[in-house]
């Protein structure tokens, strides 16, 4: 059997990562690849690491036959996604990797993204794509909204703790260290090797990063009250990886137990023994997320640390995991690749 | 169905890379893992990136039941390999990743490795493991000697040219740029991040690198006369990758044609269109080797550049490819993982 | 005129950094260099980047004529320092770069360093070497104890805030990102390029890092009450730099004003305009520390970020700044080197 | 006393490097800084690592008072330089860091740069800025043309050998490894951290790199006959450094002697003992060039390796060294900064 998929926005890193993962997926075939400015080029010219694959050339979206595929991955820039997805045939399932359908509240969307949503009806049907927590709904969904990569990392560390009521909801700080591929293939001075290598720094500090919209939405939903975290992302001289250091007030053993229990049956979420700490080197290129807990010397405080690969578990791996569910394929298909170390 | 294997010397990078590749191999099961100093530890403690796998704990070699497996990967240090392999049950197939069985000539072995060979009879039965050129013999072999990673890279660039007689055999220079994982997990000052990052340099210059023994043996064998190349390896601040820039005298179009023709049907060897040049970023974590050819402005000269991942195609991927052949499995099984970029 | 100095423990990174800085210092001459295991070697053999300098060969400490120099920099390992310094001629001034004399309280020393102090009398005379806050005492001191590099970074961010009473003393979190040269030239697996590049992680989490001893001592002293911070250091794939992200409760404008006012006349401490954030790329190789403040979206919370070079302002640059004061030389002599970017 | 200078094109890496070096120069004062698109901004906003310096704001060139300075450093893009320099007051000395005045032959200029020279008269008066070989002429010059950074590295390795007649002039190969800052602050995909880190490759292969124009000009001039070398540059994941591995035919001892003799009195050119090899880590941030020679196992062949920092000795350090000569200041003023390691 098998299913056919197309990838819109295939010339970015998340598009390339989808192709990489699907390359050894047992049941998916790539039928179409779009990239506006690079239409007409072979994928192997834009991403020579994929040259061994037999892939369709890049095309403009309007030249793809999207009605004939089972599912579309939409890796387009924020805001572009909405207008494209609302015109897709309604029998085609969609996994969106942009930020366009992550926030259910239209006002929150406008606050964080600076303009009104252009497909509000569609947004109400979208399921938030954090697989482990929306599994049943995702399996039934037509449209799944991939989460922010930082947002995913912080939620893996915190959701079970909020759910279990083992931490103080007013005292949560997420200090996050993100590798540079999360910024995409954009041409900015601070993403140049000569600037970033040996240079690291905080950005979007003070509560201005858009992924806070997701934290606010999800954590408040779980808690049944408003929960607002403090969040400082940092850009680190590495290509892949997110490490979230989460400061909480609560009993470390209860915290560890809540995580271990919540993720006991999860194939990709690995809770380390109490006191062991994850490293980005141990999840690189994979769909795994490692989580560690340590008690602080200050009574009643603990640190939870989560590590995942922003391009895999943080975006394209998550997207594929969701697509598997939506298509009725085994959830882990194509995703059991072991991390690449060193 | 399926076959069982054990890995000796599993606490080094090539051992870990074997486990990574076998993790998604459809027909191999790991029965035993050895590591002398780390015996008793779970593999996931030594290599936390493998913690999601259900693997046997590390043991001392003498505690493994090696008679019950179909094939042993031997990733032990040079010189140790010979004494271990000569004591393995003769019905067990062996892929050796050390340098111990690469050189057929006992005198050459002693010259390059500084002491007499301790298993000379066994050495005569070993097949040199450059898969694409010894495929039939490897399929019949009991013992296959994995090649040096630098030696493999240079040979992929040069063998078809020597075979086709399109280059001057007395004017071959290999300038090679190797990433640091090729040096293994050894604790040396020049392998520290603080020393290597931002610092690159030549080593073993002047014709003293041991992989020259392999070049001499193989190139002379193909040419039917003595061929000695000039070879300077450099250590580059990167984790994975080898880029060999090979300077030859000959006609670039004939050189390109010789490579393209020789590798036309090869699943892992990709000859780029004339004038295109490979990069290590495009083969990272994969079993692919990219090859490019460019004519020089000086008439009658050309540059051939080959890029591969030292841990995959340069050692553990090659070892698995050979094991597949030896066990009668499809040659590419477990090896079609797409490169990891970025 | 001019003064003569010797450096004990010159084969480590801090020793080499001292030589680098003194190389263009107008008034200091290096008379002796010690390195136990490398005694007899020229400094240029151990550190080829210093080969252009006319330096004495490395010797064993006992072979140096320490009575004839004006000042000794002691860059020996922790615990070794105490026994060496107590035997130095009393007319020789000493700047110690180890942890041996940082903690005034003998019990605290034993708690953090695991054994009793062997030179308790001497310890009582040592001045804590955070120049800007102990300037007058340092100028009069015979023995100055260089601070921990992490400890210096955190203190630059926090001391004026505690002094000014503008933050909640019970809610201070320091999330610190340290480059690898801070770990010294020690041969450990996690410091290898192949492990650290692309791999970052927390260490000594939960309040176990020894620099907490310094935070506790100094912050409590300023506050006149016990102050205990939460502190998580991370190891980042970079060679030089420390970035401390400090979470505090207080009014951002008061916090910024307190820093700006405290450091107004300081040559090396640069407070950025409100909302601007420092990066390690902008202080590399220099004695400068950049500090930024940003208000959080959560009322009453702010983030203070400090960046400095661990080898310069964090250790050897600080040591030279203190030596200048102790010898009556201009405080900035030899230290106005601009940061190296890119 | 002292002299005043202006820097045109101060928003690029070479402009910033000039400011860094002049920051501790005893006799130069920066009077003006130009940057077209960033005119009006403080230098510390464009390069925050220079924020501690008291510098003029960036201005448009036409707004600078260039008649009142002693010397202008022109760090403008290629082709722009010529039109600007021909309009400078004739009493102002000029050090040009672009490629505009490097090639004396107008036809060669047009060949390598693709258009006719727009200031041919001026070009005839320019002195080629490889200090050690044009020292007397530079001291008398009004206009000095800074060399290409790759061109400088190759020439330091080869000029004395050609001069001394100890190598075969028809068999010279330069395999060069360049760090990324040599490409400037330009926004190109292959200069992004995510692409370059862990990815290295050849570029401008086959004899198409423009610095070949300089090699051809200078080597032919020394030899008194046409000399054409083979040259392959590679882009390496590092910020600073050039390592040139030069393959020559000749006697290694004669080669070493020729270099050692030629550079015996040079303050910045360090010839290592026979067999020792340089590393970019040992010249970072400095004006030094390290050179090593090793004999090959193949009789009559040798390898010469030269390492320097592309931004310092390869461009801005060289420019300052030349400016010192032109102004009658000590040649090494401001340039004795020790390399930054690690």
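Protein chains in written order, with my numbering: chain F, 1 to 342; chain R, 343 to 684; chain L, 685 to 1026; chain P, 1027 to 1368. For glycine and all other residues, C-beta sits at the position ideal for the given N, C-alpha and C. Remember, predicted model here, so these are calculated numbers, not experimental data.
Chain R within 8 Å of residue i, Cβ atoms only
i, result
"residue 966/L", "no"
"residue 871/L", "yes"
"residue 270/F", "yes"
"residue 1233/P", "yes"
"residue 3/F", "no"
"residue 865/L", "yes"
"residue 877/L", "yes"
"residue 10/F", "no"
"residue 260/F", "no"
"residue 16/F", "yes"
"residue 1201/P", "yes"
Distance CB(residue i)-CB(residue j) smaller than 8 Å
i, j, result
"residue 841/L", "residue 1022/L", "no"
"residue 1110/P", "residue 1169/P", "no"
"residue 489/R", "residue 540/R", "no"
"residue 754/L", "residue 1011/L", "yes"
"residue 162/F", "residue 223/F", "yes"
"residue 28/F", "residue 2/F", "yes"
Residue-level contact to chain F via CB, residue i, 8 Å cutoff
i, result
"residue 805/L", "no"
"residue 1162/P", "no"
"residue 761/L", "no"
"residue 885/L", "yes"
"residue 963/L", "yes"
CB contact check: residue i to chain P, cutoff 8 Å
i, result
"residue 628/R", "no"
"residue 1024/L", "yes"
"residue 540/R", "yes"
"residue 655/R", "no"
"residue 647/R", "yes"
"residue 637/R", "yes"
Beta-carbon separation (whole angstroms), residue i vs residue j, contact threshold 8 Å
i, j, result
"residue 398/R", "residue 373/R", "7 Å"
"residue 1008/P", "residue 1129/P", "There is no way to answer for residue 1008/P, as the model of chain P reaches only from 1027 to 1368."
"residue 277/F", "residue 294/F", "7 Å"
"residue 1019/L", "residue 998/L", "In fact, because the Cβ distance is near 13 Å, the residues do not count as touching under 8 Å."
"residue 442/R", "residue 466/R", "Contact doesn't hold; Cβ gap of about 13 Å is too wide."
"residue 575/R", "residue 877/L", "Not a contact, Cβ separation roughly 16 Å."
"residue 209/F", "residue 235/F", "About 12 Å; that fails the 8 Å criterion."
"residue 283/R", "residue 1233/P", "Because chain R is modelled from 343 through 684, residue 283/R falls outside the range shown and cannot be assessed."
"residue 6/F", "residue 95/F", "Not a contact, Cβ separation roughly 11 Å."
Residue-level contact to chain L via CB, residue i, 8 Å cutoff
i, result
"residue 1039/P", "yes"
"residue 115/F", "no"
> Going along the chain, which residues of the stretch 363-384 of chain R sit with their C-beta nearer than 7 Å to a C-beta in chain P?
Replying inline: none
> What are the complete beta strand (DSSP E) segments, minimum 3 residues, inside the stretch 191-237 of chain F?
Replying inline: 230-235
>> Short of 7 Å Cβ to Cβ, which residues in the stretch 231-248 of chain F face chain P?
In response: Within the stretch 231-248 of chain F, those residues whose Cβ lies closer than 7 Å to any Cβ of chain P are, in chain order, 237, 239.
>> Please give me, in chain order, every unbroken run of the beta strand (DSSP E) with length at least 3 that falls completely inside the stretch 690-728 of chain L.
In response: 712-718
> Listed from N- to C-terminal order along the chain, which residues in the stretch 387-412 of chain R have their beta-carbon within a distance smaller than 8 Å of any beta-carbon of chain F?
Replying inline: 389, 390, 391, 392, 393, 394, 395
>> Any C-beta of chain F within less than 8 Å: which residues of the stretch 660-679 of chain R qualify?
In response: Listed in sequence order: 678, 679.
>> For a minimum of 3 consecutive residues, which ranges assigned as the beta strand (DSSP E) are wholly contained in the stretch 401-429 of chain R?
In response: 413-416
>> For a minimum of 3 consecutive residues, which ranges assigned as the beta strand (DSSP E) are wholly contained in the stretch 428-508 of chain R?
In response: 435-438, 485-487
>> Runs of 4 residues minimum, wholly inside the stretch 922-978 of chain L: which ones carry the alpha helix (DSSP H) assignment?
In response: Runs of the alpha helix (DSSP H) inside the stretch 922-978 of chain L: 936-946.
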